[in-house]
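Below is one structure; the comments refer to it alone.
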Amino acid sequence: MSVRNAAKILTSVMTAASLSLAVLMPAGPAFADAGFRQWVAGFRATAVAGGVSGAVYDQAFRDIKEPDPVVLEKARTQPEFTAPAWDYFDNRVHDQSIAVGQQMAKKWKPWLDRIEARFGVDRYILLAIWSMESNYGEILKRDDIMRNVIRSLATLGYGDPKRSKYARTQLVAALKILQTGDIDESHLMGSWAGAMGQTQFIPTSYQHYAVDMDGNGKRDIWNSIPDALATSANLLKKNGWQAGKTWGYEVTIPAGKLPGGSKTLAQWQALGVVRASGKPFKTLTDKATLKVPDGRGGPAFLMIRNFSVIKAYNNADKYALAVGLLADEIAGGNGLVQDWKRPFTKLSFEERQELQKRLSQHGLYDGKFDGKIGDGSKTAIMAYQAKVGLTQDGYPSLEVLKWLRQK
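Numbered according to mature numbering (1 follows the signal peptide of the UniProt record, and there is no 0), the sequence shown spans residues -32 to -1, 1 to 375.
What follows is the structure, encoded as structure tokens:
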């Protein structure tokens, strides 16, 4: 299974209601801990049958005596929603992610040269994935996000019926990672759902694709940037990445209905679909599919083969498009010609941080000043809009920031 597809599946479905967890743990913490320890003891035979040594299993669970309540809470409250296109892309493709990506391109150039030569995968795509997955490793520094992978997966295997099968498979794979010696149990950290390292691989995907690029004898995607980026490159190569080709093109489309399906760029061009930049398509024989994620009033794209390969990392059009757009801008591109249909004046990344700080000063926001506009920021914006008599839309707009600057 490709990296993050399993994680996407497990986060895209609603988990059993809290009553289901109550059935598993009906008598409070003491009962829950006893039940969990019994589950851990019982799963040992499954892990050993799957190739994990008893000694590795015992060492991994030596200090794990109870399920992780944060993991259960995350599992129970994962939302189902469809964000507007501008909301998704503004939080991922912005001046800060581009600037840091360009800094990383310089810092890691010798290794990126080697990785690109070995796997044929564009370095800027790898940098964009690194940004999308862990904010260039910054997420790994956050104790409020990073969790013990063994404990997280055991918690899901024990206490979450919807994710139990996934978690048990991943737990055996994670234990095998410990068994290889690539990382020790105290550093085997990941997301609540078990995605690990700089570029967020679930354990089974790590087993399939992990690479020791720096040659130190360990496939360390947590601490070695060369290993992490090479592992991502290996995944893309093995899923059919076409070296020397782009992921797609922003285009302008003519009025009237266009046919669907895959066509060569030459055929699309004959239909009046041309690059938005005015430049010619590179290879007219490449086949492409037309996508308009924000409707006809927003930007349009012709996606070629490598776009689908990026989706092997995370099977979502928005994800793959964000990677492609961010990669292009890290490489020095000018960004979109036709912007998203944003119903307000866009803020820069620094202005979004300022917005959060000013909302905090009003006692309306208590999150991090990270420039990412999530539910906490939107709730705070709406509270402020209600306070001053503005339309309560929750938009991170220049208009709201101007009001905050005056008050």
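Beta carbons are placed, not taken as given, at the ideal position from N, Cα and C, and that holds for glycine.
Name the residue from the options whose alpha carbon lies nearest to the alpha carbon of residue i.
i: Arg310; options: Lys206, Gly362, Gly301 and Gln6; result: Gly362
i: Gly228; options: Lys255, Ile97, Asn202 and His176; result: Lys255
i: Asn302; options: Pro261, Lys250, Ala244 and Lys205; result: Ala244
i: residue 383; options: Ser365, Gly344 and Lys130; result: For the chain, the structure presents residues -32 to 375; residue 383 sits outside this window and is missing.
i: Gln27; options: Lys74, Gly125 and Lys144; result: Lys144
i: Asn103; options: Ser65, Thr232, Lys346 and Leu323; result: Ser65
i: Trp98; options: Asp111, Lys314 and Ala201; result: Ala201
i: Gln306; options: Ala268, Tyr281, Glu318 and Lys340; result: Ala268
i: Trp209; options: Tyr217, Gln147 and Val277; result: Val277
i: Ala211; options: Thr220, Gln71, Tyr92 and Tyr126; result: Tyr92
i: Ala67; options: Gln329, Gly183, Glu297 and Tyr287; result: Glu297
i: Ala280; options: Phe169, Ala354 and Lys133; result: Phe169
i: Gly11; options: Trp79, Lys133, Leu80 and Asp58; result: Here residue 11 is Phe; the residue named in the question, Gly, does not match the sequence. Among Trp79, Lys133, Leu80 and Asp58, the Cα nearest to that of Phe11 is on Lys133.
i: Thr253; options: Ala238, Gly266 and Phe57; result: Ala238
i: Asp338; options: Arg110, Leu203, Gly224 and Leu358; result: Arg110
i: Ser192; options: Gly224, Asn207 and His155; result: His155
i: Arg273; options: Asn282, Gly216 and Leu327; result: Gly216
i: Asn207; options: Met181, Asp182, Glu101 and Asn283; result: Asn283
Taking a contact to mean a Cβ-Cβ separation below 8 Å, would you say residue i touches residue j in this structure?
i: Leu294; j: Gly105; result: no
i: Val61; j: Ala290; result: yes
i: Ala198; j: Ile113; result: no
i: Thr123; j: Pro35; result: yes
i: Asp285; j: Pro261; result: yes
i: Met164; j: Tyr174; result: yes
i: Leu369; j: Glu322; result: yes
i: Phe275; j: Gly292; result: yes
i: Thr251; j: Leu233; result: yes
i: Arg320; j: Ile341; result: yes
i: Gly266; j: Ala51; result: no
i: Leu108; j: Gln46; result: no
Verify the contact flag: residue i, CB atom, against every heavy atom of the ligand ATP, threshold strictly below 7 Å.
i: Gly208; result: In the structure shown, the ligand ATP is absent, as is every other ligand, since no ligand is present at all.
Please report the distance separating the alpha-carbon of residue i from that of residue j.
i: Asn116; j: Gly335; result: 23 Å
i: Ala(-3); j: Val38; result: The predicted model places Ala(-3) with a pLDDT of 44, which falls under 50 and marks its position as unreliable; any figure quoted below should be read in that light. Cα to Cα, Ala(-3) sits roughly 17 Å from Val38.
i: Pro194; j: Ala43; result: 32 Å
i: Ala23; j: Thr214; result: 48 Å
i: Asp343; j: Lys325; result: 16 Å
i: Arg373; j: Ala354; result: 17 Å
i: Ala288; j: Asp1; result: 41 Å
i: Gln329; j: Lys77; result: 41 Å
i: Ala196; j: Val179; result: 8 Å
i: Lys346; j: Tyr56; result: 14 Å
i: Ser159; j: Gly125; result: 15 Å
i: Ala9; j: Gly18; result: 15 Å
i: Leu80; j: Leu94; result: 9 Å
i: Leu327; j: Arg5; result: 44 Å
i: Thr359; j: Tyr352; result: 10 Å
i: Lys75; j: Met157; result: 25 Å
i: Ile221; j: Met100; result: 29 Å
i: Asp128; j: Arg30; result: 22 Å
i: Met181; j: Leu304; result: 34 Å
i: Gly224; j: Leu203; result: 39 Å
i: Asn184; j: Ala13; result: 33 Å
i: Leu332; j: Ala73; result: 38 Å
i: Glu41; j: Ala85; result: 44 Å
Between which residues of its own chain and residue i is the CB-CB distance below 8 Å, once the five residues before and five after are set aside?
i: Gly263; result: Lys309
i: Val356; result: Trp371 and Lys375
i: Lys205; result: Phe87, Gly88 and Val89
i: Arg119; result: Ile32, Pro35, Asp36 and Val39
i: Val219; result: Trp236, Val241, Val242, Arg243, Ala244, Leu258, Ala268, Phe269 and Leu270
i: Trp7; result: Ala122, Gly125 and Tyr126
i: Ala(-11); result: With a pLDDT of 36 at Ala(-11), under the threshold of 50, the predicted position of this residue should be treated as unreliable, though the coordinate-derived value follows. Around Ala(-11): no qualifying Cβ.
Near residue i, what residues of its chain come up, given a Cβ to Cβ distance below 6 Å and the 5 sequence neighbours on each side ignored?
i: Thr257; result: Ser230 and Met271
i: Ala96; result: Val291, Leu294 and Ala295
i: Asp58; result: none
i: Gln71; result: none
Kindly list the residues whose CB is nearer than 7 Å to the CB of residue i, restricted to its own chain and excluding five residues on each side of it in sequence; keep chain order.
i: Leu121; result: Ala135, Gln138, Leu139, Ala142 and Gly162
i: Gln147; result: Val20, Ser21 and Val24
i: Glu367; result: Phe312 and Thr313
i: Asp63; result: Ser316 and Phe317
- Task: Determine contact between the stretch 188 to 200 and the stretch 144 to 159, defined as no fewer than three beta-carbon pairs at a distance below 8 Å.
- Result: Verdict: yes, contact present.
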